[in-house]
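Undergrad: One structure coming up, written as structure tokens, with questions to follow.
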Amino acid sequence: MSTQGASPRREVRGRRDAAKVLPGDARAHNRSLVLQGLFDDGPLSRADLARHTGLTRVTISELVASLIEDGLVAEVGTRTESRQGKPATLVDLAPEGPVVIALDLSGDHLVSGALVDLGGAILSRHSKPIVDLQYAVADIIEVATALVGLSTRPVLGIGIGTPGIVDVSGAVVVAPNLGWENLDLAKRVSSWTGLPTYVQNDANAATLAEGTFGEGDNNGLFLVTIGAGVGGGVLIDGRPLVGPLQSSGEIGHVVVEPNGPECACGNHGCLETYLSANALRQADEEGRRRAGQLLGTVITPVVTTLGIADVVFYGDADLLDGPVIEATRTALAFQTLPFVAQRIQVRQVPRSAEHVLTGAAAHVRYRELGVV
1 MSTQGASPRR EVRGRRDAAK VLPGDARAHN RSLVLQGLFD DGPLSRADLA
51 RHTGLTRVTI SELVASLIED GLVAEVGTRT ESRQGKPATL VDLAPEGPVV
101 IALDLSGDHL VSGALVDLGG AILSRHSKPI VDLQYAVADI IEVATALVGL
151 STRPVLGIGI GTPGIVDVSG AVVVAPNLGW ENLDLAKRVS SWTGLPTYVQ
201 NDANAATLAE GTFGEGDNNG LFLVTIGAGV GGGVLIDGRP LVGPLQSSGE
251 IGHVVVEPNG PECACGNHGC LETYLSANAL RQADEEGRRR AGQLLGTVIT
301 PVVTTLGIAD VVFYGDADLL DGPVIEATRT ALAFQTLPFV AQRIQVRQVP
351 RSAEHVLTGA AAHVRYRELG VV
């Protein structure tokens, strides 16, 4: 439907030579510097961009000309300088620049899609129910193709936010609720559409959205998603922290009570069995307080190790307000140094239909343009 372990001696490893920096790499880096400046502070003159990036004016002029030719940047007027002379021509992101196709697979048997501009605004939507998981990839491609047809502007790429563990290539290692194991989702979608496709965990996408377009601290943010399952995403210096196992956000399957309820993963007493939306709906006030305390205990080592001061709950307000969030705050305060506890903010943002979509778009923006 369409809608808008004495330890063995450590091995001594040889030094690896640094990779060569090719001219093309330097140029791509410099283009990213210009675009980042415009995203952060545009519109700017070419002289402003030279000061902002530390590049020469000649280099800036060449880069801006290239970006204009590529439809990413446009001249948007002039600014009269305080001193006498020719008014400065201002450049900014092109109003009709490229868009991103963003897809959210975190819903209940639903592919939600949207066209998203580079500033995070949703321009149009298209969605399709997944009737049979056997054909879920075909449904994803169908939605992506429909959105390509809806766009009147160039498409930069496709971003997908999905439940489960996703590797760096965009393959889904495992997503139990979708019945996927070792599915090379990015490759399949890209092969069909001809567009660069990037896949990430949906909690990481929501975290990226909050840090990029929301009120989150882009330098250090821990977002906890609470819905059918429980997940988390960490944002450091504007980028999701995933780790070599690609499973850094799987806090829902940390065992907090070894003799607790059986979890869908096969273990007993996972955090998710206490904190999922369904568990919270069935819990009384004391049960919700216990869930919040368990969450605080699980995330304290992460928050203190990484020095994160912004902890965000992402879920239904009626479930998280009150006992859950207050118990989490209390647990964090009790288990950290007073200096740290005083600086940790625990807050909530309501689950929306846009966080995963705009986070998926921000991921494409970074991978294609180098802009955070």
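FYI, in full-length UniProt numbering the residues of the sequence shown are 1 to 372.
For each residue, glycine too, the CB sits at the ideal point set by N, CA and C.
In this text, all values refer to a predicted model and were calculated from it rather than measured experimentally.
Do P87 and H109 have their C-beta atoms closer together than 8 Å?
TA: Numbered from its first residue, the sequence shown carries residue 87 at position 87. Numbered from its first residue, the sequence shown carries residue 109 at position 109. Their beta carbons are not under 8 Å apart, which means P87 does not touch H109 by this criterion.
Undergrad: Nearest CA to the CA of V356: which residue from C270, D104 and D41?
TA: Counting from 1 along the sequence shown, the entry for residue 356 is found at position 356. It is D104.
Undergrad: Could you pull the start and end residues of the beta strand (DSSP E) that G71 belongs to?
TA: Along the sequence shown, read from residue 1 onward, the residue named residue 71 stands at position 71. Per DSSP, G71 belongs to no beta strand (DSSP E) and is neither H nor E.
Undergrad: By the three-class DSSP mapping on this structure, what secondary structure does E142 have?
TA: Here residue 142 corresponds to residue number 142 of the sequence shown, with the count starting at 1. E142: helix per DSSP, three-state reduction.
Undergrad: So that I know if they touch, is there some Cβ in chain D lying closer than 8 Å to that of G227?
TA: This model lacks chain D altogether, as it is built from one protein chain only.
Undergrad: Rounded to whole angstroms, what's the CA-CA distance from G370 to D92? Just pull it up for me.
TA: Taking the sequence shown and counting its residues from 1, one reaches residue 370 at position 370. Taking the sequence shown and counting its residues from 1, one reaches residue 92 at position 92. Cα to Cα, the separation comes out at about 17 Å.
Undergrad: Just the Cα atoms here: how many angstroms apart are I122 and P258?
TA: On the sequence shown, residue 122 is found 122 positions in, with the first residue counted as 1. On the sequence shown, residue 258 is found 258 positions in, with the first residue counted as 1. Straight-line Cα distance between these residues: approximately 44 Å.
Undergrad: Just to confirm the assignment, what range does the alpha helix (DSSP H) spanning K187 have?
TA: Stepping through the sequence shown from its first residue, residue 187 is reached at position 187. Residues L185 to T193.
Undergrad: For F334, does the three-state DSSP call read helix, strand or coil?
TA: Position 334 of the sequence shown, counted from the start, is the residue given in the question as residue 334. The answer is helix: DSSP assigns F334 an H, G or I state.
Undergrad: Would you call the segment 311-328 and the segment 208-227 touching, i.e. three or more CB-CB distances under 8 Å?
TA: In short, these stretches touch, since the Cβ pair count reaches three.
Undergrad: Once the 5 residues before and after L332 are set aside, which same chain residues still bring their CB inside 8 Å of it?
TA: Translated into positions along the sequence shown, residue 332 becomes position 332. Here the set comprises G296, I299, T300, V303, V311, A341, I344 and V346.
Undergrad: Under three-state DSSP, which class holds A88?
TA: Position 88 of the sequence shown, counting from 1, holds the residue named residue 88. It is a strand residue.
Undergrad: Suppose contacts are defined by Cβ-Cβ distances below 8 Å. Is L178 in contact with A146 by that definition?
TA: By 1-based counting over the sequence shown, the position of residue 178 is 178. By 1-based counting over the sequence shown, the position of residue 146 is 146. Cβ atoms of L178 and A146: not closer than 8 Å.
Undergrad: Does the structure place the segment 178-196 close enough to the segment 112-127 that three or more beta carbon pairs sit under 8 Å?
TA: Verdict: no, contact absent.
Undergrad: What are the start and end residues of the alpha helix (DSSP H) that includes T297?
TA: The residue you call residue 297 lines up with position 297 of the sequence shown. E285 to L306 is the span of the alpha helix (DSSP H), which, as asked, contains T297.
Undergrad: On the CB-based measure, 16 or more other CB atoms within 10 Å of its CB, does G194 come out buried or exposed?
TA: By 1-based counting over the sequence shown, the position of residue 194 is 194. Exposed is the call here.
Undergrad: If you draw a straight line from the alpha carbon of P176 to that of G164, how long is it in whole angstroms?
TA: As a first step, residue 176 is located in the sequence shown; it is residue number 176 there, counting from the start. As a first step, residue 164 is located in the sequence shown; it is residue number 164 there, counting from the start. Cα-Cα distance, rounded: 7 Å.
Undergrad: Using three-state DSSP, classify V21 as helix, strand or coil.
TA: Within the sequence shown, residue 21 is the residue found at index 21, counting from 1. For V21, the pLDDT reaches just 40, beneath the cut-off of 50, and the residue's location in the model is therefore unreliable, although a value from the coordinates is still provided. It is coil, neither helix nor strand.
Undergrad: Please return the same chain residues whose Cβ sits closer than 6 Å to the Cβ of F39, not counting the five positions on each side in sequence.
TA: Counted from its first residue, the sequence shown places residue 39 at position 39. V371.
Undergrad: Is the CB-CB distance between L55 and L33 below 8 Å?
TA: As a working mapping, residue 55 is identified with position 55 in the sequence shown. As a working mapping, residue 33 is identified with position 33 in the sequence shown. In this structure, L33 lies closer than 8 Å to L55 by Cβ.
Undergrad: Roughly how many angstroms lie between the CA atoms of I101 and P244, to the nearest whole one?
TA: The residue given as residue 101 occupies position 101 in the sequence shown. The residue given as residue 244 occupies position 244 in the sequence shown. If I take the Cα positions, the gap works out to 27 Å.
Undergrad: Buried or exposed for E285, please, with buried defined as at least 16 other CB atoms from any protein chain shown within 10 angstroms of its CB.
TA: Residue 285 sits at position 285 when you count from the first residue of the sequence shown. That one is exposed.
Undergrad: If you follow the alpha helix (DSSP H) that L319 is part of, which residue opens it and which one closes it?
TA: Working through the sequence shown from its first residue, we reach residue 319 at position 319. Per DSSP, L319 belongs to the alpha helix (DSSP H) from A317 to L320.
Undergrad: Tell me which residue opens and which closes the beta strand (DSSP E) that G238 is part of.
TA: Along the sequence shown, one-based indexing puts residue 238 at 238. From DSSP, G238 is part of no beta strand (DSSP E); its letter is neither H nor E.
Undergrad: Would you kindly report the start and end of the unbroken beta strand (DSSP E) that includes R125?
TA: For this step, residue 125 is matched to residue 125 along the sequence shown. From DSSP, the beta strand (DSSP E) with R125 extends over I122 to P129.
Undergrad: So E69 packs on L90, CB below 8 Å; how close in whole Å?
TA: One-based indexing of the sequence shown puts residue 69 at position 69. One-based indexing of the sequence shown puts residue 90 at position 90. Going by Cβ atoms, the distance from E69 to L90 rounds to 18 Å, so no, they are not a contact pair.
Undergrad: May I ask you to report which of helix, strand or coil DSSP gives T328?
TA: Here residue 328 refers to the residue found at position 328 when the sequence shown is read from its first residue. Residue state, collapsed to three classes: helix.
Undergrad: In this structure, does DSSP put A102 in helix, strand or coil?
TA: Here the question's residue 102 lines up with position 102 in the sequence shown. DSSP places A102 in strand when its eight states are reduced to three.
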